[in-house]
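Colleague:
There are 6 protein chains.
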Amino acid sequence: MYHHIKQLMYSVHIGIPDPRFGNMLLEQFGGANGELAAAMQYAIQGLNCDDPERKDLLMDIGTEELSHLEVVGTLARMHLKPMKSDRHAAHEDPLIAIAGGGGVALQNSMGNPWTADYLKITGELDVDLRSNIAAEARAKIVYERLINFTDDPGTIDALQFLMSREITHMKAFTAALESMGKPAFSIGCIPPTPVLVNQYFNDSTGVGDRGEPDARGPWNEGGEWEMVTAPALQAMESYKAGTRTPTENGQSNGSPETVVTAKQGKSKKK
Amino acid sequence: MYHHIKQLMYSVHIGIPDPRFGNMLLEQFGGANGELAAAMQYAIQGLNCDDPERKDLLMDIGTEELSHLEVVGTLARMHLKPMKSDRHAAHEDPLIAIAGGGGVALQNSMGNPWTADYLKITGELDVDLRSNIAAEARAKIVYERLINFTDDPGTIDALQFLMSREITHMKAFTAALESMGKPAFSIGCIPPTPVLVNQYFNDSTGVGDRGEPDARGPWNEGGEWEMVTAPALQAMESYKAGTRTPTENGQSNGSPETVVTAKQGKSKKK
Amino acid sequence: MYHHIKQLMYSVHIGIPDPRFGNMLLEQFGGANGELAAAMQYAIQGLNCDDPERKDLLMDIGTEELSHLEVVGTLARMHLKPMKSDRHAAHEDPLIAIAGGGGVALQNSMGNPWTADYLKITGELDVDLRSNIAAEARAKIVYERLINFTDDPGTIDALQFLMSREITHMKAFTAALESMGKPAFSIGCIPPTPVLVNQYFNDSTGVGDRGEPDARGPWNEGGEWEMVTAPALQAMESYKAGTRTPTENGQSNGSPETVVTAKQGKSKKK
Amino acid sequence: MYHHIKQLMYSVHIGIPDPRFGNMLLEQFGGANGELAAAMQYAIQGLNCDDPERKDLLMDIGTEELSHLEVVGTLARMHLKPMKSDRHAAHEDPLIAIAGGGGVALQNSMGNPWTADYLKITGELDVDLRSNIAAEARAKIVYERLINFTDDPGTIDALQFLMSREITHMKAFTAALESMGKPAFSIGCIPPTPVLVNQYFNDSTGVGDRGEPDARGPWNEGGEWEMVTAPALQAMESYKAGTRTPTENGQSNGSPETVVTAKQGKSKKK
Amino acid sequence: MYHHIKQLMYSVHIGIPDPRFGNMLLEQFGGANGELAAAMQYAIQGLNCDDPERKDLLMDIGTEELSHLEVVGTLARMHLKPMKSDRHAAHEDPLIAIAGGGGVALQNSMGNPWTADYLKITGELDVDLRSNIAAEARAKIVYERLINFTDDPGTIDALQFLMSREITHMKAFTAALESMGKPAFSIGCIPPTPVLVNQYFNDSTGVGDRGEPDARGPWNEGGEWEMVTAPALQAMESYKAGTRTPTENGQSNGSPETVVTAKQGKSKKK
Amino acid sequence: MYHHIKQLMYSVHIGIPDPRFGNMLLEQFGGANGELAAAMQYAIQGLNCDDPERKDLLMDIGTEELSHLEVVGTLARMHLKPMKSDRHAAHEDPLIAIAGGGGVALQNSMGNPWTADYLKITGELDVDLRSNIAAEARAKIVYERLINFTDDPGTIDALQFLMSREITHMKAFTAALESMGKPAFSIGCIPPTPVLVNQYFNDSTGVGDRGEPDARGPWNEGGEWEMVTAPALQAMESYKAGTRTPTENGQSNGSPETVVTAKQGKSKKK
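Protein chains in written order, with our numbering: chain A, 167 to 436; chain B, 167 to 436; chain C, 167 to 436; chain D, 167 to 436; chain E, 167 to 436; chain F, 167 to 436.
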């Protein structure tokens, strides 16, 4: 059950309204990484969650994001208000000006209506927490960019509040994920295929426009990594060499064969 | 530049086509966590990336996902093919049957057209890598659920291949993020507000339907955490106690005041 | 500022979960006339509202709808839960089953993601109240249809609660509109053109498939109504009779002419 | 069956084309409250309607809106035409300029494609009429705002025509609704729960930013209204006082309990 | 200006309503290749068209499609009507059943709302006519598939009427395009680059799953065609051979170099 | 299987970045007629195609379009890059600036996310080829317009390359269609109704705003064409003349009657 108190979580004060910046602020009101997206992602994950402790976490933060939605909406409203009557201002966001009379609406800076396609909800708690960590990181960088695009002290002050809270949430979700004690890279119940999972497919080769060769790094060398030449190139060469027998896809023979490339790829481990 | 080799990255063989399962498979073809979403997210992040080494990583995996798109599309196509002529089958996905003649299309299991709203691309490399780690975790769990919904050995075999590769990619993205050497919870350049960032707002209180009290855990106690009673309840009480002076939002006074609750919240640190 | 209490506004209890009905319930969770649509429409109208009294009304009801969202979401979650593991159930909503693991998501019964396009927000208070009255009427009829599609007493009980509240809100919005004291059919500030506004254009003529002639009723006869033969037919006849001079559209002559039909239409007032 | 006469319902003449205003005009061509939305909403309600008299009304007005679509489209086309070759003009709506060659398209002022999500069609005649009354009120205010954003006499003249007709339609739909003779607030067949329906939940409390207390008005006092303290606060207090027993949601016990707040809420009737 | 006559362009009669087939019929009501898409595509192309003769053609057919929309909508309505009260029927399209009360709505067979994204309108007449020829071909095949999915004689009869008209329109659009007298493959004003335009890039190589080699046909051999080995493979080999100098993309040197492959590709003309 | 080579298919060099033009370029990156739309339309048609030779063609061109996506994306990226830090530039596309940090995203010039609704895929090869011919014509004209909106030589050079290739593809698809040897206007298997198919319905009549009478041309006269007076007007007149008996739609009588107008329409063949 929800209750609303007629006070903002953070008071907002602005200098001269800047409709162009008000339009930009809509990114965090009705945009893909904005406050409604955060509020809904966490609240609905919480509704579906069977772990009572982390469900509480999801509801705590989901509710806070609703209060943030109100703060950023109030801030945007102040900047957009001149659009109702000022033609020049109206041009910054004609949809807000004409359809909305200068009021905020659940859309982003280019007028796209908010959509639940922005949400990442799987009903698998540790997966959802990873989605939330990433979501908070995105929201943080968007607030930072907004701060960089305004000089109004009051506006910056409110955005700094909201931006800081995203890091708070990122920390909380990270702690909640770690406290679940799942082994690294263990998602769900079915384990990945042992050898295959450590093969790195080098599917983009050649030299880049700035002369860079193929990159090596901890993401494809060391540890258990096995470097595999791109399957497509291997397939091409095995075809040229006459070592490949074409097979009928769709045939029902019950004995699927693994592609040569993935199984026999010569590793070039350093 | 791309090249295509007329061979699948993983051969697919199925037994009796199952149109209902073919419809489900569309989740990984044109769905929110499917292969086109992965391919596009990484390839476009790569296109925007200024770090040549991790750009190579993004292009390697982005290209592999295109090959996966072809594999899962071929698999779905086999299961959906009867829809062209079989009325009973057609009912499992009338859009595929009637508009598509039994061929696959870039939509999910409920017919929603694929949309770029599924993608998370910020142009901030470490943030994008976090989004990718979460994306791979989601894709893995979706493949696992698909495996659980079929008994066809050939289908399971192909799905196991695709599922395993998601873990490979999750490992690679994690290594790439860690190798950037950024401090924990450091996103972008502007630091969060020091005290505020460690305050946990208890915005959902009371006893749950199963009798659970408010949860404590590493996400709100220990370390630097400071527990703050929900701002809304504090505001309500300060209003009742007569200690709050309403302020005019939108007023331009240059000296925004922080909300009482966030600043003066009594911490309940353990 | 929002606060959440870990108790539902209305307790929900169900008998045997019915995944097919759970899918139908999504209409009121993430559908066009559902609880999120109501919550967002009123809360954002409230955020934009300059009338403090009716703003309070909008926030009261907008907040209640968030609590309803939680109730209907919990109810749907109970019915959908079997989808996670039961293949037969999964078929009722494969998107919920596979992408969501049997949890609710912000979509309707056909899997369409919730979109802000469902909302009607103009920033003109009396217009918004009219939109809200209509929205509550729609929500009421949808709940009634859901009640008619289930036999489960607990489910019916919760739906009856939610349905009743829609009438409550419809009454409140109607009283709020009437108390504004605006003259009937007075919207905004610019008055309609005097004669034109009372002309009823008979644009659909002939005899219907069941033999019905053109209908007359208080919507086109009596009072100030003037019946005008369809402009298109008049134009056709004036053209045949040679009484019409074609004019160049797009011509800038500063003296636009009203169409003959609208000005000279022979009224057939009873 | 439809027929088209090659003459506009209202001749349009403009002075100097104003591409920026042309872009704004798209709101009424392909926008949420525009002429296609009106035409489709009424025509499809008409197609579904079993009341032959009001079906005729719906078809009359639905057809007129198609003629309006043509008028506003012609007007917008005149203003947008320079976009084909004038770079400066093209910037006002690059989608129209580049994809459309300066021609109109079914999108709004921010380029969103028209979507049937704008429509409100329930198949319940009196509910549909309420949606139509609200739709006409919205369309009227949008035309008024457009008139306020241009100085071109010919453009204003055409918009005045279109705006006036919205009031005509609003009158007609109101008369049609009233002539159905349904009791006030009676929607569908199932009556709301007697006591509950008159309870007003005060879900937003405290003092607003401008010092406003909770508002009372005909929407929550007088008549049958019973004022109920917000359920969430009551629940919180009953929990603190130890008078609440948590119950297991999802439990199938056949005897759902109504929440305390709704049943026992102390009214504060004036 | 439009006028509506209360008679269908083609009378529809059905036997026993088939809600499942009614759902399928929505493809041609509110689907991507359906009658509204056709009506809107042609009417708006017509509105934008400067060629008075072909504008008349576009308006003739655009208007006819509106009458088809009414026919197919009436047909679907008959089949869907049982959904209002029959639970089993309701399951075939819960959105129609619950939100629409068994009435048709502008959506396709999977519930997707009609969107203007379906339309292809460029404002370049010959290009638009090509889009229309393709659109009619698509609509024809969709009607044929629908005919194949029903046994009801009355339904088949109406669909045969509608299907036949698509061929009529395809013929008319083809004649209109040919009568414009434009040289083959001449689109717009800027000619393509002479040699490049006849180069066929073999970007998919290898042997297919059924043993097919690279295909040759009139689309890549004979006439002016020059066969070019896939640019990507050429680039890879030139890089391996050390004959490629990486260049800095984004550098502003005024003398862009064409890729080696496209310019110097060794043709393998037969 | 796909492979990526780290070299563009066409090197791009620009002078001074022009963010406004960069925004326009997004039409061909993530817009309705852009490179991703082309790549996906052909690749998925190819995946569904049973004709091995034309499947190869579809894969060749589908793959080339992926390389084009990379070229146009790189070009747009160069022009958009200043948006990350330059406020004035950011205003040209705030979504790219704030959400994307100046990187490209799969959206069009007005910020609409790419959607699979742009694609035309029917699984009927000759129909798909017609859709592709039209798609290439549209893409060509869009590139031409982009060329006309910039003066930067390097940008023009790259766009000329991409534009030329569209004509190449148009030629190839046309040759592939013609080589199938299908009779003209023969789509699918069910033939259209003989007389009806050659009737041209004159559904838009009267004299246009510039005085044009109804147009005659090879699309409605000569050959097998039979001109039919608009069915709606005929129906109206037969109703006035008392020669029409209204019939009950929805009645199941097994003997549907064709409308009088279509059967008995007096032809006005020249």
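A virtual CB, placed ideally from N, CA and C, is assigned to each residue, including glycine.
1) Measure from the C-beta of Met206/E to each C-beta in chain D and report whether the shortest distance is under 8 Å.
2) Roughly how many angstroms lie between the CA atoms of Gly408/B and Phe327/A, to the nearest whole one?
3) Going by the DSSP bridge assignment, what does Asn368/E pair with across the sheet?
4) Between the beta-carbon of Met336/A and the beta-carbon of Glu302/A, is there less than 8 Å?
5) Is the Cβ of Phe327/E closer than 8 Å to any Cβ of chain F?
6) Classify Asn415/A as helix, strand or coil using the three-state DSSP reduction.
7) Taking 8 Å as the cut-off, decide whether the C-beta atoms of Ala338/D and Tyr284/C are in contact.
8) At a Cβ threshold of 8 Å, is Glu414/D touching chain A?
9) For Lys247/C, which residues in the same chain have their Cβ closer than 7 Å to its Cβ, ignoring the five residues on either side in sequence?
10) Using 8 Å for Cβ pairs, my map puts Tyr208/D next to Ser233/E. What's the rounded Cβ distance?
11) Residues in the same chain with beta-carbon distance under 8 Å from Phe244/F, minus the five sequence neighbours each way, listed in chain order, please.
12) Output, in chain order, the set of chain D residues within a Cβ distance shorter than 9 Å of Ile353/E.
13) Report the three-state DSSP secondary structure of Thr281/D (helix, strand or coil).
14) What I want to know is whether the C-beta of Met175/F ends up closer than 7 Å to one or more non-hydrogen atoms of the ligand FMN.
15) Could you check the C-alpha separation between Thr281/A and Gly388/F for me, to the nearest Å?
16) Would you say Ala401/A reaches chain E, if we count a Cβ-Cβ gap shorter than 8 Å as a contact?
17) Rounded to the nearest angstrom, how far is the Cβ of Leu235/B from that of Ala205/B, given a contact under 8 Å?
18) Quick one, are the C-beta atoms of Pro397/A and Met276/B less than 8 Å apart?
19) For Asp252/E and Asp259/E, I'd like the C-alpha separation in whole angstroms.
20) With DSSP as the reference, identify every bridge partner of Thr168/D, one or two as the case may be.
21) Would you call the CB atoms of Ile322/C and Ile333/C closer than 8 Å?
22) Report the neighbours of Glu193/E on chain B: residues whose CB is nearer than 9 Å to its CB, in chain order.
23) Does any C-beta atom of chain C lie closer than 8 Å to the C-beta of Tyr405/F?
24) Would you mind telling me which residues of chain C sit closer than 7 Å to Thr395/F, beta carbon to beta carbon, in chain order?
25) If you measure from the beta carbon of Asn214/C to each beta carbon in chain B, is any gap under 8 Å?
26) I'd like to know if His169/F contacts chain E, where contact means its C-beta is closer than 8 Å to some C-beta of that chain.
27) Hey, is Thr359/F's beta-carbon within less than 8 Å of any beta-carbon in chain E?
28) Using alpha carbons as the reference points, say which of Ser330/F, Glu231/F, Ala401/F, Glu378/F lies closest to Val361/E.
29) Using a cut-off of 7 Å between C-beta atoms, extract the partners of Ser440/E located in chain D.
30) Just mark Glu344/C as buried or exposed, buried being the case when its beta carbon has 16 or more other beta carbons within 10 Å.
31) Check whether the Cβ atoms of Asn214/F and Val270/B sit closer than 8 Å, and answer yes or no.
32) Along the stretch 279-313 of chain D, where does the CB come closer than 8 Å to a CB of chain I? Name the residues.
33) Note down, in chain order, all residues in the stretch 368-379 of chain B with a beta-carbon under 8 Å from any beta-carbon belonging to chain C.
34) Measuring CA to CA, which of Ala381/A, Gln211/A, Val363/A, Ser404/A is closest to Lys390/A?
35) Thinking Met190/B and Ile264/C are a contact (beta carbons under 8 Å), I'd like their distance in whole angstroms, please.
Modeller: Taking the definition as stated:
1) As a position in the fifth sequence, residue 206/E is number 40, starting the count at 1. Cβ-Cβ to chain D under 8 Å: yes for Met206/E.
2) Counted from its first residue, the second sequence places residue 408/B at position 242. Counted from its first residue, the first sequence places residue 327/A at position 161. Using only the alpha carbons, I get a separation of about 26 Å.
3) Taking the fifth sequence and counting its residues from 1, the one referred to as residue 368/E is at position 202. Answer is Thr395/E, bridged to Asn368/E.
4) Taking the first residue of the first sequence as position 1, residue 336/A is located at position 170. Taking the first residue of the first sequence as position 1, residue 302/A is located at position 136. Yes, these two residues count as a Cβ contact at 8 Å.
5) Taking the fifth sequence and counting its residues from 1, one reaches residue 327/E at position 161. Answer yes: the Cβ-Cβ gap between Phe327/E and chain F drops below 8 Å somewhere.
6) Position 249 of the first sequence holds residue 415/A. The predicted position of Asn415/A is uncertain, since its pLDDT is 42 and thus under 50; a value taken from the coordinates is nonetheless stated next. Correct three-state label for Asn415/A: coil.
7) On the fourth sequence, residue 338/D is found 172 positions in, with the first residue counted as 1. On the third sequence, residue 284/C is found 118 positions in, with the first residue counted as 1. No, Cβ-Cβ distance for Ala338/D and Tyr284/C is not below 8 Å.
8) If you number the fourth sequence from 1, residue 414/D lands on position 248. A caution first: Glu414/D carries a pLDDT of 39, below 50, which makes its placement in the model unreliable, though a value can still be read off. Not one chain A Cβ lies under 8 Å of Glu414/D.
9) Taking the first residue of the third sequence as position 1, residue 247/C is located at position 81. Excluding positions up to five away in sequence, the list reads Pro183, Gly268.
10) Taking the fourth sequence and counting its residues from 1, the one referred to as residue 208/D is at position 42. Taking the fifth sequence and counting its residues from 1, the one referred to as residue 233/E is at position 67. The Cβ separation is near 17 Å, so there is no contact.
11) Numbered from its first residue, the sixth sequence carries residue 244/F at position 78. Position check: residue 244/F holds Met in this sequence, whereas Phe was assumed. Cβ within range, chain order: Val178, Ile180, Pro183, Gly188.
12) One-based indexing of the fifth sequence puts residue 353/E at position 187. Within 9 Å Cβ-Cβ: nothing; Ile353/E doesn't reach chain D, min ~12 Å.
13) Sequence index remark: in the fourth sequence, residue 281/D carries index 115 (1-based). Thr281/D falls in the strand class under three-state DSSP.
14) What this structure holds is no ligand at all, so the ligand FMN is not there to describe.
15) Looking up residue 281/A in the first sequence gives position 115. Looking up residue 388/F in the sixth sequence gives position 222. Straight-line Cα distance between these residues: approximately 52 Å.
16) Along the first sequence, read from residue 1 onward, the residue named residue 401/A stands at position 235. It does; some Cβ of chain E falls within 8 Å.
17) Position 69 of the second sequence holds residue 235/B. Position 39 of the second sequence holds residue 205/B. Indeed, because the Cβ distance is near 6 Å, the residues count as touching under 8 Å.
18) In the first sequence, counting from the first residue as 1, residue 397/A sits at position 231. In the second sequence, counting from the first residue as 1, residue 276/B sits at position 110. Not a contact, by the Cβ cut-off of 8 Å.
19) Numbered from 1 along the fifth sequence, position 86 holds the residue referred to as residue 252/E. Numbered from 1 along the fifth sequence, position 93 holds the residue referred to as residue 259/E. Between Asp252/E and Asp259/E, the C-alpha separation is close to 12 Å.
20) In the fourth sequence, counting from the first residue as 1, residue 168/D sits at position 2. Thr is not the amino acid found at residue 168/D; the sequence shown has Tyr there. Beta-bridge pairing links Tyr168/D to His170/E.
21) By 1-based counting over the third sequence, the position of residue 322/C is 156. By 1-based counting over the third sequence, the position of residue 333/C is 167. No. Outside cutoff.
22) The residue you call residue 193/E lines up with position 27 of the fifth sequence. Chain B residues near Glu193/E: Pro260, Leu261, Ile264, Ala265.
23) Within the sixth sequence, the letter at position 239 stands for residue 405/F. So yes, Tyr405/F belongs to the interface.
24) Along the sixth sequence, read from residue 1 onward, the residue named residue 395/F stands at position 229. Residues of chain C passing the Cβ test: none, with the nearest at roughly 12 Å.
25) Numbered from 1 along the third sequence, position 48 holds the residue referred to as residue 214/C. False, the Cβ-Cβ gap to chain B never drops below 8 Å.
26) Position 3 of the sixth sequence, counting from 1, holds the residue named residue 169/F. Output row for His169/F: interface = yes.
27) Working through the sixth sequence from its first residue, we reach residue 359/F at position 193. Yes, Thr359/F lies at the interface with chain E (some Cβ there is under 8 Å from its Cβ).
28) Within the fifth sequence, numbered from 1, the residue matching residue 361/E stands at position 195. Val361/E has its Cα closest to that of Ser330/F, out of Ser330/F, Glu231/F, Ala401/F, Glu378/F.
29) Only positions 167 to 436 of chain E appear in this structure, which leaves residue 440/E out of reach.
30) Residue numbering aside, residue 344/C sits at position 178 when the third sequence is read from its first letter. Glu344/C should be labelled exposed.
31) Taking the first residue of the sixth sequence as 1, we reach residue 214/F at position 48. Taking the first residue of the second sequence as 1, we reach residue 270/B at position 104. For Asn214/F and Val270/B, yes; Cβs fall inside 8 Å.
32) No chain I is present in this structure, whose protein chains are A, B, C, D, E and F.
33) Asp369, Ser370, Thr371, Gly372, Val373, Gly374, Asp375, Glu378
34) In the first sequence, residue 390/A corresponds to position 224, counting from 1. The residue you asked about is not Lys; residue 390/A is Glu in the sequence shown. Minimum Cα distance to Glu390/A is reached at Val363/A.
35) One-based indexing of the second sequence puts residue 190/B at position 24. One-based indexing of the third sequence puts residue 264/C at position 98. Their Cβ separation, rounded to whole angstroms, is 6 Å, which keeps Met190/B and Ile264/C in contact under 8 Å.
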